[in-house]
Structure formats: C-alpha cells, structure tokens
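There are 2 protein chains.
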Amino acid sequence: MTPAFEALQKELKRLPGVGFRSAERMAIHLLLEKPEAAKQLSDTLLSARERVRSCASCGNVCEEERCSICEDVQRGESFSLCVVEHVSDLMAIEKSGAYRGRYHVLHGKLSPINGVGPENLNLSGFESRVKEEGVKELILALPNDVEGEATCHYLTELVEGGDVEVSRIGFGLPSGASVLYADSGTLKSALDARQRY
Amino acid sequence: MTPAFEALQKELKRLPGVGFRSAERMAIHLLLEKPEAAKQLSDTLLSARERVRSCASCGNVCEEERCSICEDVQRGESFSLCVVEHVSDLMAIEKSGAYRGRYHVLHGKLSPINGVGPENLNLSGFESRVKEEGVKELILALPNDVEGEATCHYLTELVEGGDVEVSRIGFGLPSGASVLYADSGTLKSALDARQRY
C-alpha cells in the first residue's frame, strides 16, 4: 500500500514458509496493531545475530565456540554421529528423545540441479571429526528423496575404508498413519523397507 | 537451543499465524542460513515503523496524514463507505476490484467477552466523517460471526436518524464451492440469505 509497508512485506515474505498474505498480516500487525512489537523484534533480531553462531564442530546453533551437545562428554561416549540436513531436523530428533549421540548438520543436501555440490555443504571438518571422535556408527537422518539418497551415497564413500558402520533411518508409514491415506511414495518406501515379522 | 536463539524464536512466534515450528525455521534461516537477511529485515522494520502510520480518516496504512484512497477525490464521489475489521480486509477487497468507494477500518470488532468495547475500535472520527463526507451508503463488510453481528448492530444505531442506507455484505457459499463440502454454519448463512430466482 505504501513503499515502506511494501518493503517490509517483501522482506517478511523471504522468510521460509511465509507467503504474500501471511507477510501482509505480519506487516499490519507490526506496524499498526502492535507497533511496540516491531522495535522489540528488531532488537531481539540484532542481538541474536550478534550472539548466535554455527558450532565449529557440528553446525548446530550456539553462542560459544562449540554447542552444548558437542561439549557434552556423555554424548561422545556413544561414538555415534547422526547426520542431518538442517538444524531444525536436529531439534526435532532431540525433542523425540530417541537419540543421545552427537550430530553433524550439513545445512543442505547435494543437489546438482540446484548447483549444490559437496563444497556448499558443511563438510570441511567432517572426515577429521569422524576420525578424531572415534565415531563407530554414522546414522544418516537425511530426507527420503533423490537428493537425500545422493547425499547418503556421497557420505558413505567419504568414510569408506575406516571402521565406521553406516546406517540410514527407516522409511515407511509414519506413526499412527494408515495405509489408506499414505501417498504412493510412502507406500513404495514402506514396501521396500519391509522386515521379517 | 541458546538463550538468544530462543528469544528470537519467541519474538517471531508472536507474529500472527506463526507457530512454534515456523518460528524455529525462521530463526534458523535468519541466524544461520541467511545472516545478511537478519540485518536487512531489522533495518526495513525500523524504517517502516518510522514511516508507516494509520490514516487519520480511515485507519488504513499510509505514510502521510491521509491514505491514497482517502485522498482520491473519485473515491469520494461514490458517497459510499465500506467498514472493515482489518487493513488486510481492505486490501483483499481492493484486490478483488469489486468496490471503488472509501473505507473505514475498525482495527477490531466488538467483543464483550474479550473486553473489546466501542472505545477500543477506530470510531472516534466515524460519525463526523459519515456526515462530512455525505456518505449515502454504509457497507458493512464485517465477519459472519457473533461479534461481526454485534458490531453491525452498533454501527447501524450510530448512523440512525441520518440519511444513510446501511447494507451488509452477502453471506453464503463461496465462489466455486459446492454444497457438499460447505460447513453447517455456511449452509445456514446461505439458506438464510436465499433470494428469489
């Protein structure tokens, strides 16, 4: 509606998962309905930007050199490393409480079609890390798609020859789901991943 | 994960339509994936906050005293005033191209249960505006719910005695919708609003 309003809407629309309408609603909220929230959001954003960085070991968010998970000695004692695409995947696994080892966040997945090669992923310290931390199991928690598959293949080749067992998380029917409402891709994954009962 | 990260996530979660997971994704995007976007969003936000204000006449967003719609003489010549709850409603109607008069944005609706009375709505200049602009038709484009109904009732009483025709937008089946998938409330509205064919 006005240049400054539209500039803010455009900037908000760049956030993941935010469309034209949501950005409009947010801009109205910040500029007309809760003007004090605009200042607070801006302050919090700049302060977080100043403090938060990527963990030097694993790529998780942290405010020190290494994140709390990497600093946790008990986590290292499992000698297992779980590779995820994004920090949000790490957070989701943490929330599930199903894993107590360390992580490695790639910040992406291999995608030649989008010009994402190994050099664009957080892989510079990966191999030395696997050796230094004496990783025994590498758990690939990457997406169930072509790029996820390609990334798994690449990582497996990277650690080949070492004493590392590589596994990939299971695919199939989500918890609580029925076959009736599952899409074809999920059903194919589930059938491919069938196990003796 | 870290205090500054959590503070930003909490602040983003306050935006309309943003849940815990979306706020997490946005925070990761702004702090790790696109750190330059954080600065830009903060700058745009502060600049927009500085420039954008509420139109003194209608409550729409603007950067001057009055918004471009209120300043448009042609808009005034229709002598019709469309009352909406939020600026986003105004924007949606503008986008439809179905109306070319002026607006009045209430920034809310009457809701005694939430403690929202007439004094909390943008109504201070409403009556004098209706008189001064010689409004002939007041179109109430308020929600199809109890609070919308109460607000329509209140506004109708406000302009009673004057030479103003009051109408309320139609309710019923949305464009392209079928009876089969409409909810009971919509079907009730549609039946109540039936017209001779």
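Top line first, the protein sequences correspond to chains F and Y. FYI, full-length UniProt numbering numbers position 58 of the first sequence as 58, with every residue one higher than the one before it. FYI, full-length UniProt numbering numbers position 155 of the second sequence as 155, with every residue one higher than the one before it. All C-beta atoms, glycine included, are put in the ideal place defined by N, C-alpha and C. As the structure is a computational prediction, the values presented were derived from the model and not from experiment.
Buried versus exposed call for residue i [16 or more other C-beta atoms within 10 Å across all chains shown]
i: tyrosine 197/Y; result: exposed
i: leucine 180/Y; result: exposed
i: histidine 153/F; result: exposed
i: phenylalanine 5/Y; result: buried
i: glutamate 127/Y; result: exposed
i: alanine 7/F; result: buried
i: glutamine 9/F; result: buried
i: arginine 194/F; result: exposed
i: threonine 56/F; result: Before going further, note that residue 56/F is alanine rather than threonine in the sequence given. Flag for alanine 56/F reads exposed.
i: leucine 191/F; result: exposed
i: asparagine 114/Y; result: exposed
i: glycine 148/Y; result: buried
i: glycine 17/F; result: exposed
i: glutamate 11/Y; result: buried
i: leucine 123/F; result: buried
i: glycine 59/F; result: buried
i: glycine 101/F; result: buried
i: lysine 131/Y; result: exposed
i: alanine 177/Y; result: exposed
i: lysine 95/F; result: exposed
i: leucine 187/Y; result: exposed
i: serine 22/Y; result: buried
i: glutamate 85/Y; result: buried
i: glutamate 160/F; result: exposed
i: glutamate 38/Y; result: Here the sequence assigns alanine to residue 38/Y, which means glutamate is not the residue at that position. Buried: at least 16 other Cβ atoms inside 10 Å.
i: serine 42/Y; result: buried
i: valine 146/Y; result: exposed
i: glutamate 24/Y; result: buried
i: valine 61/Y; result: buried
i: valine 164/Y; result: buried
i: alanine 98/Y; result: exposed
i: valine 87/F; result: buried
i: serine 54/F; result: buried
i: valine 52/Y; result: buried
i: leucine 80/F; result: Checking the sequence, you will find serine at residue 80/F rather than leucine. The residue is buried, with at least 16 neighbouring Cβ atoms inside 10 Å.
Residues bridged to residue i [DSSP beta-bridge criterion]
i: leucine 138/Y; result: Leu81/Y and Val166/Y
i: arginine 53/F; result: Cys62/F
Contacts of residue i in chain F (Cβ-Cβ under 9 Å)
i: isoleucine 28/Y; result: Pro16, Val61, His86, Val87, Ser88 and Met91
Where residue i sits in the DSSP three-state scheme
i: arginine 21/F; result: helix
i: proline 35/F; result: helix
i: arginine 75/Y; result: helix
i: proline 174/Y; result: coil
i: threonine 44/Y; result: helix
i: leucine 155/Y; result: helix
i: proline 3/Y; result: helix
i: leucine 15/F; result: coil
i: glutamine 195/F; result: coil
i: glutamate 149/F; result: helix
i: alanine 190/F; result: helix
i: alanine 182/Y; result: coil
i: cysteine 70/F; result: helix
Interface partners of residue i on chain Y, CB under 8 Å
i: glutamine 40/F; result: Glu11
i: glutamate 24/F; result: Ser88 and Met91
Chain-ordered chain Y contacts of residue i [CB-CB under 7 Å]
i: phenylalanine 5/F; result: Ala48, Val52 and Val61
i: threonine 44/F; result: Ala7, Leu8 and Glu11
i: threonine 151/F; result: Within 7 Å Cβ-Cβ: nothing; threonine 151/F doesn't reach chain Y, min ~17 Å.
i: threonine 186/F; result: Simply none; closest approach about 21 Å.
i: threonine 156/F; result: Going along chain Y, no residue has its Cβ under 7 Å from threonine 156/F, so there is no contact; the nearest lies around 26 Å.
Per-residue contacts from residue i into chain C (C-beta, under 9 Å)
i: histidine 107/Y; result: Absence of chain C from the displayed structure is noted, the protein chains being F and Y.
Chain Y contact residues for residue i, given Cβ-Cβ distances below 9 Å
i: alanine 37/F; result: Glu11, Arg14 and Leu15
heavy atom of the ligand GTP below 7 Å from residue i C-beta
i: serine 175/Y; result: As presented, the structure is devoid of all ligands, the ligand GTP included, so that no description of it is given.
Taking only runs that begin and end inside the segment 87-134 of chain Y, name each unbroken alpha helix (DSSP H) of 4 or more residues, in chain order.
-> Runs found: 87-96 and 126-132.
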